[in-house]
Amino acid sequence: MEEIGHNYIKVNGLKLHVAEVGSGSSPAVVFLHGFPEIWYSWRHQMIAVAKAGYRAIAPDYRGYGLSDPPAEPEKATFSDFVADLLALLDALSIPKAFLVAKDFGARVAALFALLHPEEVEGIVTLGVPFLPPTPMAFDELLPEGFYISRWQEPGRAEADFGRLDAKTVVRNVYIMFSKSEVPIASENQEIMDLVEPSAPLPPWFTEEDLAVYGDLYEKSGFRTALQVPYRSMGTKLDIPDPKVEVPALLIMGEKDYVMKFPGIEDYIRSGKVKSFVPNLEITFMPEGGHFVQEQSPDEVNELIVKFLTSHR
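Given below as structure tokens:
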């Protein structure tokens, strides 16, 4: 990854770590990661879009990776991440950008497009479709052992994660999220116990990759990550007509466990999602799991570059 440069940008009183590659005068593409990811999860896509003539920018959110944590991580919200993105674009003198977002980053990108549409050229989301900015209630439709319900419970995930080092926590989440079933623990089982210590990493994720994640989460810890997304999902946002009008692309792996969330597959396949994102293209990857951008980088890169080029 020697082509990718690294910098720190001061936004809203915090220093955000930003990875970047490509000419500063080229159209900007900002990559927004999910959990348990950081900027590094976009390594393949950043190089590909830079080679295609774009400026690739991948920040670590506040409290993630090498970015400063907020003063009170337990009070962080999605709105903070949106405000940081706005300030980052301003600091980099970027009037308009494409957003490429994974997992809960899709919510950050969608909120940004709803609140600042004039600054967005288009959106690509992976793993999670656009969902209206209302409190998420999947936990009401799934058993008590649903991983999001457990991680929303104050102290529960801290105790569960605290038994292990950061690298092992990330390893377990990567293995768990790479499966096609929704992670649900039994009554007397913790989420980390869903993964056997002997379970192998996904074939596309190396020990070297894991070491990068482990080092960064060793530094940041999981305080902000548990707050955003998991414990701030219930925040109500007053956006009267939540319709994303910019061009959009959704890339979903058909073996992504998110497809098993109640109602999600029908929401996507029926086209209901297009009532909120009218200019949406949808691409399914038959063998794709939750981490399609790392699992099948060449295919994902091709889809992203094609979308960028057609909406430039």
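Per our numbering, the very first residue in the sequence shown carries number 168; after that it's consecutive.
C-beta atoms are modelled at their ideal positions from N, C-alpha and C, and glycine is treated no differently.
Everything numeric in this text was worked out from a predicted model, so none of it was measured.
According to DSSP, residues forming a beta bridge with residue i
i, result
"V185", "N174, P226"
"F428", "In DSSP, F428 forms no bridge with anything."
"F313", "I351"
Rounded separation between residue i and residue j - CA only
i, j, result
"K177", "E461", "29 Å"
"E357", "D247", "30 Å"
"V226", "E311", "According to the sequence displayed, residue 226 carries Pro and not Val. Cα to Cα, the separation comes out at about 34 Å."
"V197", "R210", "12 Å"
"H184", "A223", "14 Å"
"M452", "R436", "13 Å"
"T402", "N468", "33 Å"
"S190", "Y221", "7 Å"
"F372", "D423", "16 Å"
"G430", "E288", "29 Å"
"I449", "M419", "8 Å"
"L256", "A326", "37 Å"
"L308", "F428", "9 Å"
"L282", "E363", "43 Å"
"G455", "D360", "25 Å"
"S477", "E374", "37 Å"
"V295", "S192", "31 Å"
"V131", "L447", "Because the chain in this structure spans residues 168 to 479, residue 131 falls outside the shown range and cannot be described."
"K386", "L278", "28 Å"
"E421", "K441", "19 Å"
"Y397", "T244", "10 Å"
"A534", "N355", "Residue 534 is absent from the structure shown; the chain starts at 168 and stops at 479."
"P237", "L416", "31 Å"
"P194", "A264", "7 Å"
"P445", "D251", "27 Å"
"P474", "A352", "The sequence given here has Phe at residue 474, not Pro. Taking the straight line joining both Cα atoms gives about 39 Å."
Span of the beta strand (DSSP E) around residue i
i, result
"F198", "195 to 199"
"A415", "415 to 420"
Residue i at chain B interface by Cβ criterion, 7 Å
i, result
"V196", "Protein chain content of the structure displayed is limited to a single chain, and chain B is not contained in it."
Nonlocal neighbours in the same chain, by C-beta distance under 8 Å from residue i, ignoring five residues either side
i, result
"A254", "V178, N179"
"Q212", "F198, A223, V267, Q460, P464, V467, N468, I471"
"K439", "D433"
"K242", "Q394"
"S208", "H200, G201, K269, F458, Q460, E461"
"D137", "For residue 137 there is no data in the structure shown, the boundaries of the chain being 168 and 479."
6 Å CB neighbourhood of residue i in its chain, flanking five on each side removed
i, result
"Y314", "P350, I358"
"G201", "K269, D270, F271, G272"
"I406", "L281, P300"
"L233", "H184, D227"
"E187", "G172, I224"
"L181", "R229, D235"
"P203", "V337, V340"
Own chain partners of residue i with C-beta closer than 7 Å, once the 5 adjacent residues on each side are dropped
i, result
"P240", "G230, R390, T391, Q394"
"L377", "K334, V337, R338, L368"
"R323", "R317"
"A480", "Nothing in the structure corresponds to residue 480, since the chain is present only between 168 and 479."
"V379", "Y207"
"M343", "P350, L361, V362"
Extent of the continuous alpha helix (DSSP H) run through residue i
i, result
"V216", "210 to 218"
"T402", "Segment: none, T402 is in no alpha helix (DSSP H) and carries neither H nor E."
"L393", "390 to 394"
- Complete alpha helix (DSSP H) runs within the stretch 430 to 473 (minimum length 4 residues, chain order): Correct list: 431 to 436, 459 to 462.
- Task: Note down, one range per segment and in chain order, each beta strand (DSSP E) of at least 3 residues found wholly within the stretch 237 to 305.
- Result: Secondary structure remark: continuous beta strand (DSSP E) runs of at least 3 residues inside the stretch 237 to 305, in chain order: 264 to 269, 287 to 293.
- Where in the stretch 329 to 383 do unbroken runs of the beta strand (DSSP E), each at least 3 residues long, occur, reported from the N-terminal end onward? Listed in chain order, there is nothing to give.
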